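*Asks:* Counting in this note's numbering, the sequence shown runs from 168 upward without gaps. All residues carry an ideal CB built from backbone N, CA and C; glycine is no exception. Since we're looking at a predicted model, the values are computed, not measured. Here's a structure for you.
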Amino acid sequence: MTDPFSHLPPNACRTIDMQKGDVLFRQNQTTSGLYLVVSGCVTLQRTSLNGDTLTLHRAVSGGLFAEASVFSATYHCDAICTKAGSVKKIAKADVISTMRSNPAFSLDFIKLLAVQVQQYRAHIELIVIPSAKERTLAAVQAGYFNSTVTELASRINLSQESCYRALRALCDEGLMVHVGRGRYALA
Numbered sequence: 168m169t170d171p172f173s174h175l176p177p178n179a180c181r182t183i184d185m186q187k188g189d190v191l192f193r194q195n196q197t198t199s200g201l202y203l204v205v206s207g208c209v210t211l212q213r214t215s216l217n218g219d220t221l222t223l224h225r226a227v228s229g230g231l232f233a234e235a236s237v238f239s240a241t242y243h244c245d246a247i248c249t250k251a252g253s254v255k256k257i258a259k260a261d262v263i264s265t266m267r268s269n270p271a272f273s274l275d276f277i278k279l280l281a282v283q284v285q286q287y288r289a290h291i292e293l294i295v296i297p298s299a300k301e302r303t304l305a306a307v308q309a310g311y312f313n314s315t316v317t318e319l320a321s322r323i324n325l326s327q328e329s330c331y332r333a334l335r336a337l338c339d340e341g342l343m344v345h346v347g348r349g350r351y352a353l354a
C-alpha cells in the first residue's frame, strides 16, 4: 500500500519523542492532527463514569491513531504513551488542504482508513465473544498479548482477574503455558 502521507508538504509532519506515561492529548482538547507511531506504543483510553479505564485502541509501530480528528473539533479520548518511542504528528490543516488538491492522496488515505475499518471490525468480533476463556484465547492467537496481562485485559474488555483466570484455565487445558511471571505462550 502506498504511504498517503508522502503526498503531504514536508513540514506537515513532525516527530515527537515519547516517554512512558507521556500524554499526547486529552479528551475534549482541541484537535490539531493525527498521529503515526514510529516506535513504542500509544494507548487511546477513556475513563468510564465509575472510574474504570477502557482501552479503545492500542497503536504500535506503523499504527495510525486519532484519524477522526481530521473531521472533529475535539479529541474523543486520551492518548497515553505506554512504551517509550516516537510518533509523527500529522497536521490536520495540511491533511485537509491536501485532500482538496490531491486526488492521489485522498484515495491512498481512504484505502488506509478502509483497512483500519476491517481491523476494527475484527476486533469487535473478538471482544463480543461471551466466554472470557475463549475471548482470551482468540486474542492471544490474534497477537494481542505482547505486553502485560493488565493491558491485554483492558484491550479485550475483561477485568484483570477474569483474564488471569482465563489464562490459568487455558494452561490447565494445555492450550497455553505459563513461561514466567505475567508471561504466557500458546502451547
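Roughly how many angstroms lie between the CA atoms of S215 and I294, to the nearest whole one?
*Replies:* For S215 and I294, the distance between alpha carbons rounds to 18 Å.
*Asks:* Measuring CB to CB, does V204 end up less than 8 Å from A246?
*Replies:* No.
*Asks:* Once you ignore the five residues that flank S206 on each side, which residues in its own chain have a CB closer than 7 Å to its CB?
*Replies:* These residues qualify, in order along the chain: S228, G252 and S253.
*Asks:* Would you say A305 and I291 are within 8 Å of each other, going by their C-beta atoms?
*Replies:* Taking 8 Å as the Cβ cut-off, A305 and I291 do not qualify as a contacting pair.
*Asks:* Please work out which residues of its chain come closer than 7 Å, Cβ to Cβ, to S236, disregarding the five sequence neighbours upstream and downstream, and give them in chain order.
*Replies:* Here the set comprises T198, G200, L201, Y242 and K259.
*Asks:* Please report the distance separating the alpha-carbon of L274 from that of C248.
*Replies:* C-alpha separation (whole angstroms): 30 Å.
*Asks:* Between C180 and I257, is the Cβ-Cβ spacing less than 8 Å?
*Replies:* Yes, these two residues count as a Cβ contact at 8 Å.
*Asks:* What are the partner residues of D275, as DSSP defines its beta bridges?
*Replies:* Per DSSP, none; premise fails for D275.
*Asks:* DSSP has S268 in a bridge; who is on the other side?
*Replies:* According to DSSP, which records beta bridges pairwise, S268 is partnered with nothing at all.
*Asks:* Using the Cα positions of N324 and T222, report the straight-line distance between them to the nearest angstrom.
*Replies:* When rounded, the distance between both Cα atoms is 8 Å.
*Asks:* Does DSSP put V295 in a helix, in a strand, or in coil?
*Replies:* Three-state DSSP puts V295 in coil, outside helix and strand.
*Asks:* DSSP three-state label for D184, please.
*Replies:* Looking at D184 - three-state DSSP - the assignment turns out to be strand.
*Asks:* Report yes or no: do the region 170–178 and the region 273–288 share at least 3 C-beta pairs separated by less than 8 Å?
*Replies:* Yes, the region 170–178 touches the region 273–288.
*Asks:* When you compare only the Cα positions, how much space is there between E234 and T220?
*Replies:* One C-alpha to the other measures close to 21 Å.
*Asks:* In the DSSP output, what is F192 paired with across the bridge?
*Replies:* In DSSP, F192 forms a bridge with A246.
*Asks:* With a threshold of 7 Å on Cβ separation, who are the neighbours of A352 within its own chain once the five nearest residues in sequence on each side are excluded?
*Replies:* Here the set comprises M343, V344 and V346.
*Asks:* Which residue marks the beginning of the alpha helix (DSSP H) containing S206, and which one marks its end?
*Replies:* S206 -> not in any alpha helix (DSSP H); beta strand (DSSP E) instead, spanning G200 to T214.
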